[in-house]
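Here the protein sequences come in this chain order: L and G.
Heads up, the first sequence is in the numbering used here, so the first residue is 1 and it goes up one at a time.
Heads up, the second sequence is in the numbering used here, so the first residue is 1 and it goes up one at a time.
From the three backbone atoms N, C-alpha and C, an ideal C-beta is built for every residue, glycine too.
In this text the structure is predicted, and so the values were computed from the model without any measurement.
Protein chains: 2
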Amino acid sequence: MPYQPPVRDHVFLLRDVLQIANYANLPGFQDAAIDVVEQIIEEAGRFTGEVLAPLNAIGDKQGCTWNPDHTVTTPAGFKDAYAKLVEGGWPALGAEPAYGGQGLPHVVNLSFSEMSSSANMAFSMYPGLTHGAYSAILNGGSDAQKDLYLPKLASGQWGGTMNLTEPHCGTDLGLLRTKAVPQADGSYRISGGKIWISGGEHDMAENIVHLVLARIEGAPQGTRGISLFIVPKFIPDAEGKPGQRNSVYCDGLEEKMGIHGNATCVIRHEESTGWLVGTENQGLRLMFVMMNEARIGVGMQGVAQAEAAYQAAASFAKERLQGRSLTGPKNPDGPADPIIVHPDVRRMLMDSRAIIEGGRAFLFWTALHGDLAHAHPDEAVRQRAGDYMALMTPVVKGYLTDKGLDICSDAVQIHGGSGYTEHFPVSQYMRDVRIALIYEGANGVQALDLVGRKLAADGGRAVMSFFAEIDAFVEANGDDEALKPFIAGLAEAKAKLQDATMWLMQNGLMNPDNAGAASTDYMHLFGLTALSYMWALIAKAANAKVAAGDSDPFYSNKLVVGRYFVQRILPEADSHLTKLKTGSELMMALPAEAF
Amino acid sequence: MPYQPPVRDHVFLLRDVLQIANYANLPGFQDAAIDVVEQIIEEAGRFTGEVLAPLNAIGDKQGCTWNPDHTVTTPAGFKDAYAKLVEGGWPALGAEPAYGGQGLPHVVNLSFSEMSSSANMAFSMYPGLTHGAYSAILNGGSDAQKDLYLPKLASGQWGGTMNLTEPHCGTDLGLLRTKAVPQADGSYRISGGKIWISGGEHDMAENIVHLVLARIEGAPQGTRGISLFIVPKFIPDAEGKPGQRNSVYCDGLEEKMGIHGNATCVIRHEESTGWLVGTENQGLRLMFVMMNEARIGVGMQGVAQAEAAYQAAASFAKERLQGRSLTGPKNPDGPADPIIVHPDVRRMLMDSRAIIEGGRAFLFWTALHGDLAHAHPDEAVRQRAGDYMALMTPVVKGYLTDKGLDICSDAVQIHGGSGYTEHFPVSQYMRDVRIALIYEGANGVQALDLVGRKLAADGGRAVMSFFAEIDAFVEANGDDEALKPFIAGLAEAKAKLQDATMWLMQNGLMNPDNAGAASTDYMHLFGLTALSYMWALIAKAANAKVAAGDSDPFYSNKLVVGRYFVQRILPEADSHLTKLKTGSELMMALPAEAF
Chain L
1 MPYQPPVRDH VFLLRDVLQI ANYANLPGFQ DAAIDVVEQI IEEAGRFTGE
51 VLAPLNAIGD KQGCTWNPDH TVTTPAGFKD AYAKLVEGGW PALGAEPAYG
101 GQGLPHVVNL SFSEMSSSAN MAFSMYPGLT HGAYSAILNG GSDAQKDLYL
151 PKLASGQWGG TMNLTEPHCG TDLGLLRTKA VPQADGSYRI SGGKIWISGG
201 EHDMAENIVH LVLARIEGAP QGTRGISLFI VPKFIPDAEG KPGQRNSVYC
251 DGLEEKMGIH GNATCVIRHE ESTGWLVGTE NQGLRLMFVM MNEARIGVGM
301 QGVAQAEAAY QAAASFAKER LQGRSLTGPK NPDGPADPII VHPDVRRMLM
351 DSRAIIEGGR AFLFWTALHG DLAHAHPDEA VRQRAGDYMA LMTPVVKGYL
401 TDKGLDICSD AVQIHGGSGY TEHFPVSQYM RDVRIALIYE GANGVQALDL
451 VGRKLAADGG RAVMSFFAEI DAFVEANGDD EALKPFIAGL AEAKAKLQDA
501 TMWLMQNGLM NPDNAGAAST DYMHLFGLTA LSYMWALIAK AANAKVAAGD
551 SDPFYSNKLV VGRYFVQRIL PEADSHLTKL KTGSELMMAL PAEAF
Chain G
1 MPYQPPVRDH VFLLRDVLQI ANYANLPGFQ DAAIDVVEQI IEEAGRFTGE
51 VLAPLNAIGD KQGCTWNPDH TVTTPAGFKD AYAKLVEGGW PALGAEPAYG
101 GQGLPHVVNL SFSEMSSSAN MAFSMYPGLT HGAYSAILNG GSDAQKDLYL
151 PKLASGQWGG TMNLTEPHCG TDLGLLRTKA VPQADGSYRI SGGKIWISGG
201 EHDMAENIVH LVLARIEGAP QGTRGISLFI VPKFIPDAEG KPGQRNSVYC
251 DGLEEKMGIH GNATCVIRHE ESTGWLVGTE NQGLRLMFVM MNEARIGVGM
301 QGVAQAEAAY QAAASFAKER LQGRSLTGPK NPDGPADPII VHPDVRRMLM
351 DSRAIIEGGR AFLFWTALHG DLAHAHPDEA VRQRAGDYMA LMTPVVKGYL
401 TDKGLDICSD AVQIHGGSGY TEHFPVSQYM RDVRIALIYE GANGVQALDL
451 VGRKLAADGG RAVMSFFAEI DAFVEANGDD EALKPFIAGL AEAKAKLQDA
501 TMWLMQNGLM NPDNAGAAST DYMHLFGLTA LSYMWALIAK AANAKVAAGD
551 SDPFYSNKLV VGRYFVQRIL PEADSHLTKL KTGSELMMAL PAEAF
């Protein structure tokens, strides 16, 4: 069975768990009444399921083709699907009305993005990066730049990219060498080589707008001397139409483990013409606006590939007849039972659901705080929402992609030998999702961002707000008999996270290597705690339905999966806590040459 | 830096940890004095490093080609390397002298196999499966069959395969349909389709001997009606040379995530001529002899790919300059520090070493017991060694391959974006090793074999012997100050495994789904306990050197990595124990249609 967009889960989250109706008076949310949102999500499900999903395997098998004239041909069907995407107005969902966007909340846009990524991750990266370029210009560009570029990027008529990485610098952008020389007319000549530029060249949009990090001649070394430039593939003419070809060229494509349908380009700027975004040497700050949004998007990819892989595995497990149940035949008239009767197969399916459903809630909850941080009238709410966004972004990115890979790998495992062949979709999901642990800041970098920067910001205000919110929830719901296991699990997880946070404060400052050594375990402990909270929220919403007499198993099943999370996933918190408290001594004891 | 065979680690294990000199009076070991073994291992290191490793990437990129005349062309260089393999006498290392083998202990052969698999997993599978076919005929064949086939299989002059899987049956061989019709001359006509036949057709050996499971006409349904047949590609003539072409054909190759250099064949038996091995309907029993040996070999692949991936990652981490150490620059004259200064990179490297070095010891220790089970004069020793082999086989296979994938994935992670491209070797290691979790019985099947069969066999004799051996070791070494952390860790791990075993006995019999639900966590807890024991053995051997004044950091480093295992890996035992005790209730609560 092909990927089925989980429309009902999305609607349940937005309507019943996050209750977006509460924000109906906020800009953006005014046009997002739940019945409208439901229609949008249903339509998104149709579009992604019918147009994008059928191209996923084709994209993987064909990949992109680099041509000697520096053009790139995308896989069969991609160009047509992209035209339909633009025609359907999908890229504009979350963009500003001033630039032709529909101005819907990010959390609604995220619903479309998840489905789009599940259906075809490689394809969905093209509009994903375009939206990143849109955000950078929206955030830092001049009015003229906004007027010229944003409508085209919002609609998807033009594509966008992020030109960061160079062969000798990825994580450490302070080392970058691409050079920008100011010209008399206010433009710059950009020279240098960039690598791993996703969507850096393709045949689906009439123009491609590169957002390029470069160092203006004479600027300081390191990260303080980096500026951001707009370098369009075709320089817009007086009417804003693609004009003269700019001297930015794709010199080749990377061969990769997955996302073959996305062109990962080697890009050469040969005195290409660029325009400064914002002021000089502010490039990294502006790029981080893009990056933070992109990191939430990558966490989303973890959930999205996991969802698609889980669906394929569940479907296979119900169809594949092999062996008999340990407790007696369940399909006595058939030659064997479907493998879903085996507890170890169930374990993998239940693990997947517990993480996917809780993880999606975490993703949507975080995105909703992104909306509140922008739009809420109450400054205190805005501040807390902004704090949460900053604090949770590395957890969303790191934890959800680590788990996304595990789930895709389990989906391969459930398929047995079939899963290892390319006749079934799960090998591709596993290969595709693997990049999500790496790009937009490797997960180890996320973990370090969490413990080294986000925790300590504003005297730990964000994490303390989060603890207080959990305490209040536990206090308010502790007497509800139906929620007991969830509340108990949440309180325990929070206590462990608090313990770990204290340990970090006491040991990380004295010796930063202790913070680094603890970082990944801390990030996972944080993810487990966040998902415990999400499951408590989901359980509360589902239980309200059950208590009101709704006999739809959709709700009672949520309670089962949630309790499974508490019983079977949450115990991992213990080992993360024990590990992180061991510090860095043994980890760092060997000299480098011993490796 | 290309793969460097870990010669010194192998020699240390055999000489100092397992002390094979103690068995010098046993058949096989007589010719395996440690200095001879050392020479063999060094030569194995040269051969695998120089001949096989350079073909690994080529094999991945080119893959095998199926030709319309049903032949298969292996990647460039494979045929030549195979000729060198045979010429060097490598396949014959562990084979019986009666059939041209060198008769060395399996544990010595395993050393070669590991290096061979690290260097080129896809290639090494051809001789690996040939050895499996050799073992099946050795174990069950008639004298005439042995005389005819074994010398050719032992030398590698002929290849061998295992023809088990059919499209509708993999794990559940009771469903198999391939039919064998007895002929007047004592042979059989075999008809049916087989899939996923590794090395089922290739151009490297002058003949291929298929070991085929089929059902003799009129035999019982299910597993009790399956027989094993020899079906040579070319029927040996009167002189034992490849004669008439048999009607067994390769109809195509699978497209796979990895091991592209190994031909995974769709095989058609079109009234092919076969000869029964052993007696009728004993096929599964004979095949399981092959399978058990193969399962140890697959566990070895987990360690082997992990070793190769770790080496690539360590080498990259020492060279790649990016960012600065949290505790101040370590490479102040360079533009940045090598990424090995970052604790989270160290974490992944140290995790890898702790598992690889402990896992290799577990692998060798288990293989040594295989040798003792065959060759030891004392029946009690033979029995215990046989018990251990049976008990540990699923743990070696399941735990070491699960961990092997994690380590290969971490190696990709350490490489960052480079790891996701096919220009670096780690993507291939990760894609190649993924099959090891699946074939020769998926890891979930291993876990079920462990809890459902191996634990209970002979009233739990094997696991009780293991506990007693650990207790004795703890008792004997508990006062050694230098070994304290190892002894404490081991005692704690053993207590948890014993606790889990008791839980299984009390809950698994009442409700077999409880055993199934606990199986994978139990297998991992078992693996952690086994590795704790191995690290205690390694520490004892290394500490003896240190105590005797040997200042070679090789030994002191072992103590650091071993203590890291206890501090940083062993805490996972807690969460496995907690999880497995939750039983199957929630895991099995949802109806199948809810997935």
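> Can you round the beta-carbon distance between N120(G) and G59(G) to whole angstroms, since I take them to be within the 8 Å contact cut?
Replying inline: N120(G) to G59(G), Cβ: 7 Å. Contact.
>> Tell me the residue span of the beta strand (DSSP E) that contains D251(G).
In response: D251(G): member of the beta strand (DSSP E) spanning 248-253, first to last residue.
> Smallest Cα separation from R353(G): which of A336(G), M588(G), R320(G), Q311(G)?
Replying inline: The shortest Cα separation from R353(G) among A336(G), M588(G), R320(G), Q311(G) belongs to Q311(G).
>> Do L18(G) and W365(G) count as a contact pair if the criterion is CB distance below 8 Å?
In response: For the pair W365(G) and L18(G), the CB atoms are nearer than the 8 Å cut-off.
>> Between R8(G) and chain L, is the shortest Cβ-Cβ distance under 8 Å, so that the two count as touching?
In response: no
> Grouping DSSP H, G and I as helix and E and B as strand, with all else coil, what is R295(G)?
Replying inline: It is helical.
> Out of curiosity, what's the CA-to-CA distance linking A436(L) and L110(L)?
Replying inline: Going by the C-alpha atoms only, they are around 16 Å apart.
> Once you ignore the five residues that flank L173(L) on each side, which residues in its own chain have a CB closer than 7 Å to its CB?
Replying inline: L164, L213, T223, I226, L284
>> For A544(G) and P332(G), what's the separation of their Cα atoms in angstroms?
In response: 39 Å
> At least one CB of chain L closer than 8 Å to the CB of F595(G): is that the case?
Replying inline: yes
> When the cut-off is 8 Å and only beta carbons count, does P335(G) lie next to chain L?
Replying inline: yes
> Cβ atoms of L590(G) and V445(L): under 8 Å apart, would you say?
Replying inline: Their beta carbons are not under 8 Å apart, which means V445(L) does not touch L590(G) by this criterion.
>> With a threshold of 6 Å on Cβ separation, who are the neighbours of R295(G) within its own chain once the five nearest residues in sequence on each side are excluded?
In response: T393, K397, E440
> From L349(L) to L490(G), what distance separates their C-alpha atoms?
Replying inline: Whole-angstrom Cα-Cα distance: 33 Å.
> Quick one: what's got a C-beta closer than 6 Å to V382(L)'s C-beta in the same chain, skipping five residues either side?
Replying inline: Residue identity differs from the one stated: residue 382(L) is Arg in this sequence, not Val. Same-chain partners within the cutoff: A373, H376.
>> Quick check: the Cα distance between G128(L) and G297(L), rounded to an integer number of angstroms?
In response: The C-alpha of G128(L) lies about 8 Å from the C-alpha of G297(L).
> Rounded C-beta distance between E206(L) and Q157(L)? I'm assuming under 8 Å.
Replying inline: Right, their Cβ atoms sit about 6 Å apart.
> Between which two residues does the beta strand (DSSP E) harbouring E270(G) extend?
Replying inline: 264-277
> DSSP on G88(G), reduced to helix/strand/coil?
Replying inline: coil
> If you draw a straight line from the alpha carbon of N281(G) to that of M505(G), how long is it in whole angstroms?
Replying inline: Rounded to the nearest angstrom, the two C-alpha atoms are 33 Å apart.
> By Cβ distance, which residues of its chain are closer than 8 Å to D31(G), with the 5 residues on each side in sequence left out?
Replying inline: Q102, G103, L104
> Taking 8 Å as the CB-CB limit, is C169(L) close to chain G?
Replying inline: yes
> Using a C-beta to C-beta distance shorter than 8 Å, which residues of chain L count as neighbours of Q413(G)?
Replying inline: L437, I438, A442, N443, G444
> Should H576(L) be labelled buried (16 or more other beta-carbon atoms within 10 Å of its own) or exposed?
Replying inline: buried
>> Could you tell me the alpha carbon to alpha carbon distance between Y126(G) and Y533(G), rounded to whole angstroms?
In response: 33 Å
>> Check whether chain L comes within 8 Å of K318(G), counting only Cβ atoms and requiring the distance to be less than that.
In response: yes
> If you compare alpha carbons, which of G170(L), P68(L), A488(L), D449(L) is closest to A336(G)?
Replying inline: G170(L)
> With a CB to CB cut of under 7 Å and the five nearest residues on each side skipped, what residues in its chain are close to Q183(G)?
Replying inline: R189
>> Less than 8 Å between the beta carbons of S556(G) and V451(G), yes or no?
In response: no
> From the DSSP output, which residues share a beta bridge with N207(L)?
Replying inline: W158(L), per the DSSP bridge assignment.
> Can you list the alpha helix (DSSP H) stretches of 4 or more residues lying completely in the region 429-490 of chain L, in chain order?
Replying inline: 443-449, 457-477
> What residue does the alpha helix (DSSP H) around L391(G) start on, and which one ends it?
Replying inline: 379-415
>> The beta strand (DSSP E) that contains R224(G), what's its start and end?
In response: Neither: R224(G) is in no beta strand (DSSP E) and is coded neither H nor E.
> Looking at the structure shown, is A44(L) part of a helix, part of a strand, or coil, going by DSSP?
Replying inline: helix
> With respect to the alpha helix (DSSP H) encompassing Y533(G), which residues constitute its N-terminal and C-terminal limits?
Replying inline: Looking at the DSSP string, the run of the alpha helix (DSSP H) that includes Y533(G) is 512-547.
> Where DSSP assigns a beta bridge to F29(L), which residues make up the other side?
Replying inline: According to DSSP, F29(L) bridges with nothing at all.
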